[in-house]
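Novice:
Residue numbers (the numbering used here): 85 to 238.
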(Lines of atoms letter the chains of each structure in order from A and count residues from 1; the text may use other names and numbers.)
(Lines give C-alpha, C1' and ligand atoms only; values in the text may rest on other atoms or scores of the structure.)
Protein backbone atom coordinates (compact mmCIF):
# COMPACT_ATOMS: atom_id res chain seq x y z
CA UNK A 1 0.00 0.00 0.00
CA UNK A 2 1.36 3.40 -0.92
CA UNK A 3 1.81 6.21 1.58
CA UNK A 4 -0.93 8.42 0.03
CA UNK A 5 -3.33 5.49 0.14
CA UNK A 6 -2.70 5.01 3.85
CA UNK A 7 -3.17 8.75 4.41
CA UNK A 8 -6.53 8.62 2.60
CA UNK A 9 -7.61 5.50 4.50
CA UNK A 10 -6.67 7.03 7.86
CA UNK A 11 -8.67 10.18 7.02
CA UNK A 12 -11.74 8.14 6.03
CA UNK A 13 -11.40 5.94 9.14
CA UNK A 14 -11.24 9.04 11.35
CA UNK A 15 -14.46 10.36 9.80
CA UNK A 16 -16.15 6.98 10.29
CA UNK A 17 -14.92 6.83 13.90
CA UNK A 18 -16.36 10.28 14.68
CA UNK A 19 -19.69 9.33 13.11
CA UNK A 20 -19.85 6.07 15.07
CA UNK A 21 -18.98 7.85 18.32
CA UNK A 22 -21.92 10.19 17.74
CA UNK A 23 -24.17 7.19 17.00
CA UNK A 24 -22.93 5.43 20.12
CA UNK A 25 -23.69 8.50 22.23
CA UNK A 26 -27.18 8.76 20.74
CA UNK A 27 -27.93 5.07 21.34
CA UNK A 28 -26.65 5.28 24.93
CA UNK A 29 -28.77 8.36 25.63
CA UNK A 30 -31.80 6.60 24.18
CA UNK A 31 -31.23 3.52 26.38
CA UNK A 32 -30.74 5.69 29.48
CA UNK A 33 -33.89 7.66 28.66
CA UNK A 34 -35.91 4.44 28.35
CA UNK A 35 -34.55 3.18 31.67
CA UNK A 36 -35.46 6.46 33.38
CA UNK A 37 -38.90 6.48 31.74
CA UNK A 38 -39.65 3.02 33.12
CA UNK A 39 -37.96 3.70 36.49
CA UNK A 40 -35.58 0.80 35.83
CA UNK A 41 -32.68 0.22 38.18
CA UNK A 42 -30.47 -0.98 35.29
CA UNK A 43 -29.88 0.35 31.80
CA UNK A 44 -30.04 -2.22 29.00
CA UNK A 45 -28.20 -1.23 25.85
CA UNK A 46 -29.35 -2.49 22.44
CA UNK A 47 -27.41 -4.99 20.31
CA UNK A 48 -26.86 -2.15 17.83
CA UNK A 49 -25.06 -0.19 20.57
CA UNK A 50 -22.74 -3.16 21.10
CA UNK A 51 -22.04 -3.42 17.35
CA UNK A 52 -21.29 0.30 17.10
CA UNK A 53 -18.95 0.07 20.09
CA UNK A 54 -17.17 -2.92 18.51
CA UNK A 55 -16.82 -1.05 15.20
CA UNK A 56 -15.25 1.93 16.99
CA UNK A 57 -12.66 -0.30 18.66
CA UNK A 58 -11.88 -1.99 15.32
CA UNK A 59 -11.36 1.39 13.66
CA UNK A 60 -9.10 2.51 16.52
CA UNK A 61 -7.12 -0.72 16.14
CA UNK A 62 -6.70 -0.09 12.39
CA UNK A 63 -5.62 3.50 13.07
CA UNK A 64 -2.99 2.31 15.57
CA UNK A 65 -1.65 -0.23 13.06
CA UNK A 66 -1.13 2.50 10.44
CA UNK A 67 0.02 5.17 12.91
CA UNK A 68 3.72 4.32 12.63
CA UNK A 69 3.81 4.60 8.84
CA UNK A 70 1.87 7.88 8.89
CA UNK A 71 4.21 9.28 11.56
CA UNK A 72 7.25 8.24 9.50
CA UNK A 73 5.88 10.04 6.47
CA UNK A 74 5.21 13.24 8.42
CA UNK A 75 8.42 13.16 10.47
CA UNK A 76 10.61 12.88 7.36
CA UNK A 77 9.36 16.21 6.06
CA UNK A 78 6.17 18.14 5.58
CA UNK A 79 5.52 16.20 2.35
CA UNK A 80 2.91 14.03 4.07
CA UNK A 81 0.84 17.03 5.10
CA UNK A 82 1.13 18.64 1.67
CA UNK A 83 0.28 15.36 -0.05
CA UNK A 84 -2.80 15.01 2.16
CA UNK A 85 -3.85 18.56 1.29
CA UNK A 86 -3.44 17.97 -2.44
CA UNK A 87 -5.25 14.63 -2.23
CA UNK A 88 -8.27 16.47 -0.76
CA UNK A 89 -8.64 18.93 -3.63
CA UNK A 90 -11.04 16.63 -5.48
CA UNK A 91 -13.58 16.52 -2.63
CA UNK A 92 -17.10 17.89 -2.97
CA UNK A 93 -18.51 20.39 -0.47
CA UNK A 94 -19.79 17.44 1.60
CA UNK A 95 -16.27 16.03 2.08
CA UNK A 96 -16.48 13.04 -0.28
CA UNK A 97 -13.88 12.30 -2.99
CA UNK A 98 -15.05 12.55 -6.59
CA UNK A 99 -16.79 9.29 -7.55
CA UNK A 100 -17.46 8.18 -3.94
CA UNK A 101 -21.00 7.79 -2.63
CA UNK A 102 -22.32 11.08 -1.27
CA UNK A 103 -25.78 11.66 0.18
CA UNK A 104 -25.48 15.42 -0.30
CA UNK A 105 -24.68 15.13 -4.02
CA UNK A 106 -27.51 12.63 -4.55
CA UNK A 107 -25.48 9.54 -5.47
CA UNK A 108 -21.85 9.74 -6.50
CA UNK A 109 -19.84 12.77 -5.46
CA UNK A 110 -19.42 15.26 -8.27
CA UNK A 111 -16.09 16.35 -6.75
CA UNK A 112 -14.79 19.87 -6.45
CA UNK A 113 -16.93 21.99 -8.77
CA UNK A 114 -14.21 24.64 -8.98
CA UNK A 115 -11.15 22.43 -9.64
CA UNK A 116 -12.13 19.95 -12.35
CA UNK A 117 -9.49 17.53 -13.69
CA UNK A 118 -7.28 19.38 -16.18
CA UNK A 119 -7.90 22.82 -14.62
CA UNK A 120 -4.72 24.87 -14.29
CA UNK A 121 -4.23 25.82 -10.63
CA UNK A 122 -0.76 27.36 -10.86
CA UNK A 123 2.59 27.47 -12.65
CA UNK A 124 6.01 26.09 -11.81
CA UNK A 125 9.43 27.76 -11.94
CA UNK A 126 10.06 26.64 -15.55
CA UNK A 127 6.63 27.59 -16.90
CA UNK A 128 5.02 24.19 -16.48
CA UNK A 129 1.35 24.28 -15.56
CA UNK A 130 0.23 22.74 -12.31
CA UNK A 131 -3.07 21.06 -13.11
CA UNK A 132 -5.70 19.14 -11.21
CA UNK A 133 -5.09 15.50 -12.25
CA UNK A 134 -7.86 12.97 -12.66
CA UNK A 135 -8.80 10.78 -9.71
CA UNK A 136 -6.66 7.78 -10.74
CA UNK A 137 -3.46 9.84 -10.95
CA UNK A 138 -3.80 12.28 -8.03
CA UNK A 139 -1.02 10.48 -6.09
CA UNK A 140 1.43 10.74 -9.02
CA UNK A 141 3.48 13.96 -8.73
CA UNK A 142 4.18 14.02 -12.48
CA UNK A 143 0.43 14.11 -13.23
CA UNK A 144 0.20 17.49 -11.49
CA UNK A 145 2.66 19.17 -13.89
CA UNK A 146 2.16 19.76 -17.60
CA UNK A 147 4.68 21.55 -19.85
CA UNK A 148 3.12 24.48 -21.71
CA UNK A 149 4.34 25.31 -25.22
CA UNK A 150 2.89 28.50 -26.68
CA UNK A 151 -0.23 28.32 -24.54
CA UNK A 152 -0.87 24.66 -25.45
CA UNK A 153 -0.48 21.75 -23.09
CA UNK A 154 1.78 18.87 -24.05
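Glycine included, each C-beta is placed from N, C-alpha and C at the ideal position. These numbers were taken from a predicted model, which means no experiment stands behind them.
Would the beta-carbon of residue 146 fall within 8 angstroms of that of residue 104?
Specialist: Residue 146 sits at position 62 when you count from the first residue of the chain shown. Residue 104 sits at position 20 when you count from the first residue of the chain shown. No, these two residues do not count as a Cβ contact at 8 angstroms.
Novice: Contact defined as beta carbons within less than 8 angstroms: I believe residue 171 pairs with residue 223. What is the distance between those atoms, to the nearest angstrom?
Specialist: Numbered from 1 along the chain shown, position 87 holds the residue referred to as residue 171. Numbered from 1 along the chain shown, position 139 holds the residue referred to as residue 223. Indeed they touch by this definition, with Cβ atoms about 7 angstroms apart.
Novice: Along the beta strand (DSSP E) that carries residue 250, what are the first and last residues, could you check?
Specialist: An answer regarding residue 250 cannot be provided, because it is not within the stretch 85 to 238 covered by the chain.
Novice: For residue 100 and residue 106, I'd like the C-alpha separation in whole angstroms.
Specialist: Locating residue 100 in the chain shown gives position 16, where the first residue counts as 1. Locating residue 106 in the chain shown gives position 22, where the first residue counts as 1. Cα to Cα, the separation comes out at about 10 angstroms.
Novice: Taking the beta carbon of residue 217 as the centre, do at least 16 other beta carbons fall within 10 Å, making it buried, or is it exposed?
Specialist: Counting from 1 along the chain shown, the entry for residue 217 is found at position 133. Buried, by the Cβ-count rule.
Novice: Using DSSP with H/G/I as helix, E/B as strand and the rest coil, what is residue 122?
Specialist: Taking the chain shown and counting its residues from 1, the one referred to as residue 122 is at position 38. It is coil, neither helix nor strand.
Novice: Taking only beta-carbon atoms, is residue 144 less than 8 angstroms away from chain D?
Specialist: The chain inventory of the structure shown lacks chain D, comprising one protein chain alone.
Novice: Under the rule that 16 or more other beta-carbon atoms within 10 Å means buried, what is residue 228, buried or exposed?
Specialist: As a working note, residue 228 is residue 144 in the chain shown. Answer is buried; the Cβ neighbour count reaches 16.
Novice: Excluding the 5 residues preceding and the 5 following residue 192 in the sequence, name in chain order all residues of the same chain whose CB lies nearer than 6 angstroms to its CB.
Specialist: The residue you call residue 192 lines up with position 108 of the chain shown. The answer, listed in chain order, is 183.
Novice: Using the Cβ count rule (16 or more neighbours within 10 Å means buried), how would you classify residue 143?
Specialist: Indexing the chain shown from 1 puts residue 143 at position 59. Residue 143 is buried by the Cβ-count criterion.
Novice: How many Å lie between residue 125 and residue 109 at the Cα?
Specialist: Working through the chain shown from its first residue, we reach residue 125 at position 41. Working through the chain shown from its first residue, we reach residue 109 at position 25. Taking the straight line from one Cα to the other gives about 20 angstroms.
Novice: What does DSSP give as the partner residue(s) for residue 213 in the beta ladder?
Specialist: The residue given as residue 213 occupies position 129 in the chain shown. For residue 213, which the question treats as bridged, DSSP gives the partners 207 and 230.
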